[in-house]
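Everything below concerns the one structure shown next.
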Amino acid sequence: MKIVVAVKQVPERDAPVRVAADGRGVDTGDAWTMNEPDAYALEEALQLKERLGEGEVVVLSAGPERVESTLREALAKGADRALHIVLPEDGAGSLAQRDTLGVAQMLAEAVRGESPDLVLTGLQSDDLGAGQTGVVLAELLGLPHVTLVLSVEASAGAKEIRVKRELEDGWFQQIEMPVPALLTIQSGGNRLRYATLMGIKRARSKETKQMDAVAANARHDEVVRVAMPERTRQTEMLTGAADEIAAKLVERLKAEVGI
Amino acid sequence: MAIGIGEVVALASFELAEPLHFSIAEMVALVVACGLSLGIFAWRMRPIAKNILHAKKDVGFSLTHVGRRVWEFVSEVLCQSKVIQQRPLPGLAHAFVFWGFLAFALVTTNHVLTGLRLGVLQHTGVVGDAYFDFVGLWALLVAVSIAGLFVRRFFVRPRWLGTKVSIESGVIAGLIFLLMVSYLAAFTLPADSMALKAWWWVHTLTLLAFLPIIPGTKHLHLLLSPLTVFVKRDGFSDIPKLDESETVEDFGLLAGKDVTQLVALQAYSCVECGRCTEHCPAANTGKVLNPKEIALGVREYLKEFGPASDKPLLNELREGDENPSNSSPDNPAANWLSMEAAFECTTCGACEFQCPVGVQHLPIIVGLRRGAVNTGAWEDKYGTKLFLALEKQGNALGMSAMERDKFVEREQLPIFDGTQEYCLWLGCMGGYDPKGREIIADFARVMRHLGTSFGVLKKEKCTGDPARRLGNDLVFGSLAEQGLKAFEQAKVKKIVAICPHCVRTIATDWREYGVAPEIEHHSEFMARYAHLLPQGDGGAIVYHDPCYLGRYRDVYDEPREVVKKSGELVEAARHRERSFCCGAGGGLAFLGEEPGERVSNVRAKELLATGATTIGTACPFCNTMFRDATAAGEASPAVLDIAQLTARSLVNISTKTEATSIG
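Protein chains in written order, with my numbering: chain H, 1 to 259; chain W, 1001 to 1663.
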C-alpha cells in the first residue's frame, strides 16, 4: 500500500506571535515544527505500513527551505521518501499568498504524480485551523474522503479499508470505504513515536525530491484584519466570609450565567 | 615493633623443611603435571582472551592520567583500600589472602624449581630462613582468612551473594586452605621423611589443580582485575562518545558487535561479590535489575555468541509477555539482560562506586539503554512522552516556556545581561515545578542577602539529563548544543544551579559538544560564604546526600557546612559515598510507577529513623521524592532544600531586627 502523507510546518507552540506591521498577518519567530495533527497522520501511515509488512510512505510538504527540517523529521521517524514543493518564504507564490484552494491545487498536482492508495493529512493546521485543505484536496483528486479519523484497518492488497472516526459526545463511527481514498486524521488516535538517532542517520540516505509549485492564482478570500483578542472581562475577587462569598457566587451564577 | 621481632625470633626455631632428593621419575612426573596444568589453563584462557581482544576498540579511549591510574592501582589493588573500607571484616580477610599470595609468589616458584633440583632460595643464613618464616606467618593468616570467608559464604550466606550456592568457590577455598596447610606442615617434619615428601606433592598438585580452574570461574579476577582497575575509563559514570563516522552505525550497546574491549574486560573481571547488589536501590526494592547480573549477562553473552554477534543484548520483555522474543535456552544472556532491568536503573552510581574490580556499570547500563532508545526498540508510554516533551517544549515537565517567563517575572528575577557575576540556572524543576520554584526563590534571597549579582537566562531548555541517562542521544545532543549556544550568546562566565543533575550534565556530559562556562552547585556557593550567613536554630536536620552531588561530584562537606548553619546536623545510617538513592535519577522521575517498594519510601524511612524533624536536601528531585514519601506518614517532617534552610534563618534574622527596632 502506497501512502502519501501531506504535512505542514507550523510555528512552535510557544513561539511568540505578533500581529504583523500591516495588521493583516502575523510575525512568528524562527522556531518551526510539524503540525500536530499531521504528526498523527504520519504515525497512522507508519503503523499501517508496519502492520501490513509492506508498502511505502511518502511525505509531502510545501514551503520554503526551512520545511526540509520537518521532512527530515518525517523521514527519521520512518517515511521512505519526501516530496518538497519549494515556495518562496514570502511574496508572490508563497504559502501566505495562496488560499486553501490554491494550496490544495498545488498538493493535488504532486499527489497525482504518485497515484497512491491512500492520502493522509491532519484534520487541521495548528496555525490557521481552517480544516479545509484535506477535503478540498480529496475533491480535486476525485477521491472519497473521511474526516476526523482515529484509526485505519487495512489488509494487504484489499480494495477496501475500514476506518473509525470520531463523532460528538464520545460516539464513534465505523466506515467501510474503497481505496484510493483520502482521510484527515484526528490528533490523539495513536501514540506518537519519538525520533531516534538511527532514524536521523538513515534519513540522510533517503531521497527528498524538490518540485516546483504550480503558479498561484489570486486568492478568493482576503484577510482583512488580524488582531489579538481583546480582554473584555476582568477577574473579580469575591471577598468576605465563606458564606458571604458563597451567597455572592450564587447570585452571580444566577444573574450572569443563567443557572 | 618489639613484638614483631619477637615473633620472628620465635618462628625462627621452626624451620621449613624441603625434600632432599627427587628421583628422575618424580621430575618427569612434575614436568608432565606442570605441562598439563599450564596447557589446560592456556586452553581455557584462549577463548576469553579472544573475546576481549576481538571486541570493538574503545573509541576515544587512551591511557591518560597515568599518575591517577598508578595511585588507584597502589591504593585499590595493592593496599586493598576499597575492599577493606567498604566491608571491613570480609575485606580484611580478602586482603590477607591477597597479600599472602604476593608473599607466596617467590616461595612457590622456588617450590616447583626444587622439585626439578633447581631450587634457588637458600635455607642457610638469616635472610633465607626469615623469608620462609615470613611466608609461614602469611600462610597462617591466609588459612584463617579463607576459612572465615568459607564460613561466611556457605553458612552466613549474605543475601547479595545470590541464592545459588557456588560450588566452585568452595573448591577454590578448599584448595587455598590445603596449599597453606601443606606449606605449614613442612615446618614440623624432618627433611628426609616420607611424610614431608607426601606433603610436598600435596602442595604441588594443589597448586597445579588451582591454575586451570581460574579461567572458567570468578577467580579469573585474580588475573584480570589488577589490569581492569588500571585501565578503567576516566571519570565517574563516563558515557563514551558514539562513533559518528559515516561508515559505522554506533547506537550504543545493541549487540555483541558493540561491546568494547573495556566492557568485555570488565565483564570477565566480575568477582560476583555482590557489593553492587548490596547497594543497588533497584535490587533492594524488588525490581528485576541486579547490577551484578548486568556484568554477568554481558559475560554470558560473550561466551555464547562472541563479540561479533548481531544478536540483541537485551531481551524485549514486555508487560504480560510470558515468552520474551529472544529469551530461550540458546540465549542464556537473556536471563540477565532484560529491557525491563536496564530501564529500572536510577543511575545512582552506588554499584560503580562500590565495585572493587573496576567494573563501570553505568557506561554499560546507559549503553544498553542507548542501544534500545537510539534504535526505537524501547517503547514506553512515559518515556515517549518525556522525549516528545524535551523535543517540543524543551523541558522535561512538558510545560509551555511561557510558564517559566511568568515565574521569572513574578519573582522579579533579573535577566542575565552580561553585567552580573553569576548566571542562575533554573533547570526544569526550578523553572516549572512549584516546589522547585520555592527553592530558586529562596536561593535568590540568599544571593541577594550576600550581595551577589546574578541573572537568569531569558530562555532556558533542559540540560538533557533525563535523555542522556535514558540513552536518547538525539535529544540530548540537540539540547546540549542549544544550551551551549545560549550561554555563549549571553556571554555567561559563571553558572550556579540548585540541581546536581544539571550541574553534572553541563559540566561533564556537555563536553562532547563543547566547553560550557564554569558551573557550581549552590551548596558549593553557599559554603564559600558560610561565614556571612546567620546561624539559625532549626533543630535536628538529617542531610541526604544526592547521588549526583556526592558520588558524581565528590561534594560532601559543603552542603553539611550549610546545614550546620541552620541547625544540628544529623547523619543517616548510610551517608556520604554510601548514601542511598531517592529513586528519581536516570530519568525515572518521569517514568511510570515503579514495581516493588518505592525507593523513596525506603530512604525516607531511613532518614526519619534518625529522629530528625527536618530532612535537608540538596537536589530538587530528592526533595520532591521525599515530600511524596513522607506526606502520607503520621509525623510528616519538613523537607527543605539547603537554600530553604538558609533562607529560613535569614527570615528569622530580619524579623528579629525588626522586633528590636520596634522595641
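Built from N, CA and C at the ideal position, the CB exists for glycine as well. A quick note: this is a predicted structure, and the numbers were derived from the prediction, not measured.
Using a Cβ-Cβ cut-off of 8 Å, A21(H) does not count as an interface residue toward chain W, since no Cβ of chain W sits closer than that to its own.
A residue is called buried when at least 16 other Cβ atoms come within 10 angstroms of its Cβ; Y1382(W) does not meet this threshold and is exposed. Distance check between L95(H) and each of G29(H), V67(H), L83(H) places V67(H) closest, using alpha-carbon atoms only. The three-state secondary structure of I1214(W), taken from DSSP, is coil. For R1275(W), the uninterrupted alpha helix (DSSP H) run begins and ends at 1275–1279, by DSSP. By the rule that beta-carbons nearer than 8 Å mark a contact, Y194(H) touches chain W. Only those residues of the region 1472–1493 of chain W whose C-beta falls short of 9 Å from the nearest C-beta of chain H are listed: N1472, D1473, L1474, V1475, G1477.
Between the alpha carbons of T1617(W) and F1476(W) lies a distance of about 26 Å. Each residue's CA atom was taken as its position, placing G122(H) and V57(H) some 15 Å apart. In this structure, the beta-carbon distance from V1231(W) to L1078(W) does not fall below 8 Å. A contact between stretches requires three or more CB pairs, one per stretch, nearer than 8 Å, and the region 132–144 of chain H meets this requirement with the region 110–120 of chain H. Closer than 8 Å to the CB of G1367(W) there is not a single CB belonging to chain H.
Excluding sequence positions up to five before and after G1611(W), its CB lies within less than 7 Å of the CB of A1540, all in the same chain and listed in chain order. Between L60(H) and V10(H) the beta-carbon gap is near 15 Å, outside 8 Å, which marks them as no contact.
L42(H) is a Cβ neighbour of V7(H), given a cutoff of 8 Å.
One finds Y194, A195 in chain H with Cβ atoms closer than 8 Å to the Cβ of E1391(W), taken in chain order. Here A1604(W) really is in contact with F1626(W); their C-beta atoms are around 5 Å apart, less than 8 Å. Any Cβ of chain H closer than 8 Å to the Cβ of N1395(W) would place that residue at the interface, and such an atom is absent.
The beta carbons of G1091(W) and L1141(W) sit about 14 Å from each other, so the pair does not count as a contact at 8 Å.
The alpha-carbon of G1115(W) is positioned some 35 Å away from that of T1228(W).
Classified as buried, S1478(W) has 16 or more neighbouring CB atoms from the shown chains inside 10 Å of its CB.
Short of 6 Å from the beta carbon of A138(H), and not among the five residues preceding or following it, lie these beta carbons of its own chain, in chain order: H145, L182. The DSSP-derived three-state label of L1569(W) is strand. Between the region 1366–1380 of chain W and the region 193–203 of chain H, the count of C-beta pairs closer than 8 Å reaches three or more; the two stretches touch.
Runs of the alpha helix (DSSP H) lying entirely within the region 1234–1284 of chain W, each at least 4 residues long, are 1261–1269, 1275–1279 in chain order. V1083(W) carries a helical assignment under DSSP once its states are collapsed to helix, strand and coil. CA-CA distance, F1155(W) to Q1360(W), rounds to 30 Å. At the C-beta level, R1578(W) and H1279(W) come within 8 Å of one another. Sequence-distant partners of L1016(W) (beyond 5 residues in either direction) whose C-beta falls short of 6 Å from its own C-beta, in its chain, are F1132, A1186, F1187.
It is roughly 6 Å from the alpha-carbon of V1639(W) to the alpha-carbon of T1614(W). Beta-bridge partners of Y1422(W) (DSSP): F1454(W), K1494(W). The C-beta distance from E54(H) to A158(H) rounds to 12 Å, too long to fall under 8 Å, and the pair is not in contact.
Taken in chain order, the members of the region 185–218 of chain H whose beta-carbon sits within less than 8 Å of a beta-carbon on chain W are R191, L192, R193, Y194, A195, T196, L197, M198, G199, I200, K201. Contact of R13(H) with chain W by beta-carbon distance below 8 Å involves K1392, Q1393, S1400. Excluding the 5 residues flanking it on each side, A1507(W) has same chain C-beta neighbours closer than 6 Å at I1519, in chain order.
Counting C-beta atoms within 10 angstroms of its own C-beta, V1651(W) has fewer than 16 neighbours from the protein chains shown and is therefore classed as exposed.
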